[in-house]
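J.: Take 1 as the starting number for the sequence shown in the UniProt record's numbering and just add one per residue.
For glycine and all other residues, C-beta sits at the position ideal for the given N, C-alpha and C.
Below is a structure I'd like to ask you about.
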Amino acid sequence: MLKMLSKMAMCKSHGQDSSYFIGWQEYEKNPYDPLQNPSGIIQMGLAENQLSFDLLESWLTRNQDVIQFRENGGSMFRDLALFQDYHGLQAFKNVLVSFMAEIRRKKVKFDPKNLVLTAGSTSANETLIFCLAEPGEALLIPTPYYPGFDRDLKWRTRAEIVPIHCYSSNNFRITESALEEAYEQAQKRNLTVKGVFITNPSNPLGTTMSHNELNILITFAMTKNIHIVSDEIYAGTVFDSPKFISIMEALIDRKLEKSKMWNQVHIVSSLSKDLGLPGFRVGMIYSNNETLIAAATKMSSFGLISSQTQYLLSKILGDRRFIKRYIKENKKQLIHRREMLASGLANSGIECLESNAGLFCFVDMRDLLKSNTFEAEMELWKKIISTVGLNVSPGSSCHCSEPGWFRVCFANMSKETLDLAMQRINNFVNSDRDIRQNLRQQPSRSVRAAGSRRRRTIANWVVKLSSGDGRTDR
Numbered sequence: 001m002l003k004m005l006s007k008m009a010m011c012k013s014h015g016q017d018s019s020y021f022i023g024w025q026e027y028e029k030n031p032y033d034p035l036q037n038p039s040g041i042i043q044m045g046l047a048e049n050q051l052s053f054d055l056l057e058s059w060l061t062r063n064q065d066v067i068q069f070r071e072n073g074g075s076m077f078r079d080l081a082l083f084q085d086y087h088g089l090q091a092f093k094n095v096l097v098s099f100m101a102e103i104r105r106k107k108v109k110f111d112p113k114n115l116v117l118t119a120g121s122t123s124a125n126e127t128l129i130f131c132l133a134e135p136g137e138a139l140l141i142p143t144p145y146y147p148g149f150d151r152d153l154k155w156r157t158r159a160e161i162v163p164i165h166c167y168s169s170n171n172f173r174i175t176e177s178a179l180e181e182a183y184e185q186a187q188k189r190n191l192t193v194k195g196v197f198i199t200n201p202s203n204p205l206g207t208t209m210s211h212n213e214l215n216i217l218i219t220f221a222m223t224k225n226i227h228i229v230s231d232e233i234y235a236g237t238v239f240d241s242p243k244f245i246s247i248m249e250a251l252i253d254r255k256l257e258k259s260k261m262w263n264q265v266h267i268v269s270s271l272s273k274d275l276g277l278p279g280f281r282v283g284m285i286y287s288n289n290e291t292l293i294a295a296a297t298k299m300s301s302f303g304l305i306s307s308q309t310q311y312l313l314s315k316i317l318g319d320r321r322f323i324k325r326y327i328k329e330n331k332k333q334l335i336h337r338r339e340m341l342a343s344g345l346a347n348s349g350i351e352c353l354e355s356n357a358g359l360f361c362f363v364d365m366r367d368l369l370k371s372n373t374f375e376a377e378m379e380l381w382k383k384i385i386s387t388v389g390l391n392v393s394p395g396s397s398c399h400c401s402e403p404g405w406f407r408v409c410f411a412n413m414s415k416e417t418l419d420l421a422m423q424r425i426n427n428f429v430n431s432d433r434d435i436r437q438n439l440r441q442q443p444s445r446s447v448r449a450a451g452s453r454r455r456r457t458i459a460n461w462v463v464k465l466s467s468g469d470g471r472t473d474r
């Protein structure tokens with residue numbers, strides 16, 4: 001019988017069975033609304049920055065000509081409505097590289113000719129993998145990592161992901177031994193490793209990589225002669241020390257501008273998190289590799305940013321005074337909101353990983369588990385959704401090597417909603433006798449952390465938790 005659809009169309013590896021996306025589905029069935037559905041599920045699985053919309057809306061109110069596509073007394077509508085080259089508007093690329101430098105403390109100077117525009121960072125990441133790896137070749141990724149990478153990096157490219165296992169005993173930092181172990185695992189699977197893929201700042205950890213980690217990573221990549229892809233879409237969300245260090249800054253500090261490595265490091269950036277504009281679908285690839293940039297530019301024709309979007313954002317980003325104010329005020333909002341979440345959880349005896357960036361915290365709920373297993377994590381997660389009424393992301397969906405960690409977002413809701421979420425958690429902890437008993441009986445953190453590092457195997461059903469449906473927000 002003739003097959004009417006392709007293997008790609010019939011493929012089920014897009015992964016809708018992940019707890020990350022199942023949580024979304026449960027939320028959508030019963031979304032919280034303060035008036036219409038006050039007992040509904042509160043969405044804490046969406047890494048979206050809604051804290052500084054007032055600043056953007058105020059700017060638009062003051063700049064009516066921009067939103068009406070008017071310039072110098074005339075209309076820009078016709079120019080923007082007609083076909084534009086897929087390289088992107090030069091004015092937009094110029095202000096983008098300026099913005100990228102601004103949020104990196106001007107430690108790196110970016111050249112607009114090395115920039116490729118894409119419809120969001122999801123497209124940017126996939127395009128990079130198409131450029132770097134053949135089907136069946138691999139990238140190493142530190143755990144825990146954003147669940148959507150199983151879709152974004154693998155689904156259409158047919159590339160493989162090999163985890164670099166990181167542990168809470170050193171706050172999930174990358175080590176030389178962890179890199180070597182992952183590389184050896186890839187070799188045992190007869191996989192050719194093409195690069196290391198990192199998120200810096202980290203999603204889901206909310207931490208920035210140290211100078212030492214970046215140096216370890218660069219040395220490793222130079223030794224193996226492989227690429228480094230640094231997803232830096234949260235660079236503009238760094239709200240506390242230590243300061244963010246871009247992979248490009250680390251290369252410059254080592255005076256590697258004229259080395260082979262200079263052409264083997266690539267950055268992904270976006271405006272979804274830094275400006276809170278995921279609906280505008282603006283992503284970027286930056287690389288000093290001319291061949292890669294040429295190929296990625298051709299591929300970008302399948303996912304262009306509209307000329308209207310580029311024009312509007314070029315005006316916003318071109319207002320340097322406003323952008324500096326936005327960055328400053330947004331950091332204040334993030335600090336305050338992160339503290340609200342951390343202190344609210346602390347009142348229930350729950351700790352967060354120390355963080356300095358991102359729109360979320362990696363929350364330590366190991367003391368709430370009935371046993372130190374991923375099955376117990378799933379049991380707790382189901383309770384949090386059904387009983388507490390919160391959608392949070394379990395660590396196993398992020399391929400965390402230890403059970404009991406959860407990513408909890410704090411920037412996509414009002415203060416009142418976050419307060420309610422903390423009240424629900426507190427009521428749950430105080431009402432559950434098993435949890436209260438666990439909180440009293442659990443051994444110290446140092447003992448448990450040491451023990452967790454020795455547990456390197458994960459239940460098969462957890463490994464199968466791939467991610468992905470139509471959602472792209474991280």
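Quick test of the definition: if touching needs 3 or more C-beta pairs under 8 Å, does the stretch 224-240 touch the stretch 184-197?
T.: In short, these stretches touch, since the Cβ pair count reaches three.
J.: What is the DSSP secondary structure of Val392, counted as helix, strand or coil?
T.: In the structure shown, Val392 sits in coil (DSSP, three-state: anything other than H, G, I, E or B).
J.: Give me the residue from Ala119, His87 and Gly344 with the minimum Cα distance to Ala295.
T.: Ala295 has its Cα closest to that of His87, out of Ala119, His87 and Gly344.
J.: Looking at Ser52 and Gln333, is the spacing between their C-beta atoms short of 7 Å?
T.: Yes. Within cutoff.
J.: Could you give the DSSP three-state label for Val268: helix, strand or coil?
T.: DSSP places Val268 in strand when its eight states are reduced to three.
J.: Between Gln185 and the rest of its own chain, which residues show a CB-CB distance below 7 Å, the 5 nearest in sequence each way excluded?
T.: Closer than 7 Å at the Cβ level, and outside the excluded window around Gln185, lie Val162.
J.: Name the DSSP bridge partner or partners of Gly318?
T.: Gly318 pairs with nothing; no bridge assigned.
J.: Are the stretch 123-130 and the stretch 139-155 in contact at 8 Å, needing three or more beta carbon pairs?
T.: Yes, they touch.
J.: Cβ atoms of Val268 and residue 481: under 7 Å apart, would you say?
T.: It is not possible to answer for residue 481, since the shown part of the chain is limited to 1 through 474.
J.: Roughly how many angstroms separate the alpha carbons of Ala133 and Asn212, rounded to a whole number?
T.: Those two C-alpha atoms are separated by around 27 Å.
J.: Ignore the nearest five residues each way along the sequence and tell me which others in Leu304's own chain have a CB closer than 7 Å to its CB.
T.: Excluding residues within five positions, the ones whose Cβ falls inside 7 Å are Tyr86 and Ala119.
J.: So which of Gly404, Gly358 and Leu80 has the shortest CA-CA distance to Asp240?
T.: If we check each option's Cα against that of Asp240, Gly358 comes out closest.
J.: Would Asn391 and Gln50 be called neighbours here (beta carbons separated by less than 7 Å)?
T.: No. Outside cutoff.
J.: Figure out for me which residue from Arg320, Gly349 and Cys361 has the closest Cα to the Cα of Glu339.
T.: Answer by Cα proximity: Cys361.
J.: Taking the alpha-carbon positions, what's the Ser123 to Arg62 distance?
T.: Taking the straight line joining both Cα atoms gives about 33 Å.
J.: Apart from the five residues on each side of it in sequence, which residues of its chain come closer than 8 Å, Cβ to Cβ, to Glu71?
T.: Closer than 8 Å at Cβ, skipping near neighbours: Asp65.
J.: Identify which residue in Arg158, Glu48, Asp33 and Pro31 has its Cα closest to the Cα of Met8.
T.: Among Arg158, Glu48, Asp33 and Pro31, the Cα nearest to that of Met8 belongs to Arg158.
J.: Quick check: the Cα distance between Phe428 and Gln36, rounded to an integer number of angstroms?
T.: The alpha-carbon atoms of Phe428 and Gln36 are separated by roughly 23 Å.
J.: Decide if the stretch 39-50 is in contact with the stretch 272-284; the criterion is three or more beta carbon pairs, one per stretch, under 8 Å apart.
T.: In short, these stretches touch, since the Cβ pair count reaches three.
J.: In chain order, what residues of the same chain lie with their CB nearer than 7 Å to the CB of Ile293, ignoring the 5 residues before and after it?
T.: Excluding sequence neighbours, Ile293 sits near Asn114, Val116 and Ser287.
J.: Quick check on the DSSP output: the alpha helix (DSSP H) that includes Thr61 runs from which residue to which?
T.: Where Thr61 is concerned, the enclosing alpha helix (DSSP H) stretches over Phe53 to Arg62.
J.: From Ser355 to Phe172, what does the alpha carbon distance come to, in whole angstroms?
T.: Cα to Cα, Ser355 sits roughly 12 Å from Phe172.
J.: Between the beta-carbon of Phe92 and the beta-carbon of Gln310, is there less than 7 Å?
T.: Cβ distance < 7 Å, so Phe92 and Gln310 count as in contact.
J.: Fully enclosed by the stretch 310-376, which alpha helix (DSSP H) runs are 4 residues long or longer?
T.: Those alpha helix (DSSP H) runs which fall completely within the stretch 310-376 and span 4+ residues are 320-346.
J.: Excluding the five sequence neighbours on either side, which residues of its own chain have a C-beta within less than 7 Å of the C-beta of Leu380, listed in chain order?
T.: These residues qualify, in order along the chain: Met365, Leu368 and Leu369.
J.: Tell me which residue opens and which closes the alpha helix (DSSP H) that His211 is part of.
T.: Note, His211: alpha helix (DSSP H), His211 to Lys224.
J.: Grouping DSSP H, G and I as helix and E and B as strand, with all else coil, what is Gln43?
T.: Strand at Gln43.
J.: Among Gln25, Asp231, Ser6 and Thr219, whose alpha-carbon lies nearest the alpha-carbon of Thr208?
T.: If we check each option's Cα against that of Thr208, Asp231 comes out closest.
J.: Excluding the five sequence neighbours on either side, which residues of its own chain have a C-beta within less than 8 Å of the C-beta of Thr291, listed in chain order?
T.: Same-chain partners within the cutoff: there are none.
J.: Mind checking Ser348: buried by the 16 CB within 10 Å criterion, or exposed?
T.: The residue in question, Ser348, is buried, as its Cβ has 16 or more Cβ neighbours within 10 Å.
J.: Provide the residue(s) that pair with Ile161 in DSSP beta bridges, ordered along the chain.
T.: Answer is Leu139.
J.: Between Pro201 and Tyr234, is the Cβ-Cβ spacing less than 7 Å?
T.: Cβ atoms of Pro201 and Tyr234: closer than 7 Å.
J.: How long is the line joining the alpha carbons of Thr373 and His165, rounded to whole angstroms?
T.: Each residue's Cα considered, the two are about 17 Å apart.
J.: For the alpha helix (DSSP H) that contains Ser121, what are its first and last residues?
T.: Its alpha helix (DSSP H) spans residues Ser121 to Leu132.
J.: Quick one: what's got a C-beta closer than 6 Å to Asn330's C-beta in the same chain, skipping five residues either side?
T.: Contacts found: Ser52.
J.: Short of 7 Å in beta carbon distance, which residues of its chain neighbour Arg281, apart from the five on each side in sequence? Order them along the chain.
T.: For Arg281, where only same-chain residues beyond five positions count, the Cβ hits under 7 Å are Ala119, Gly120 and Ile305.
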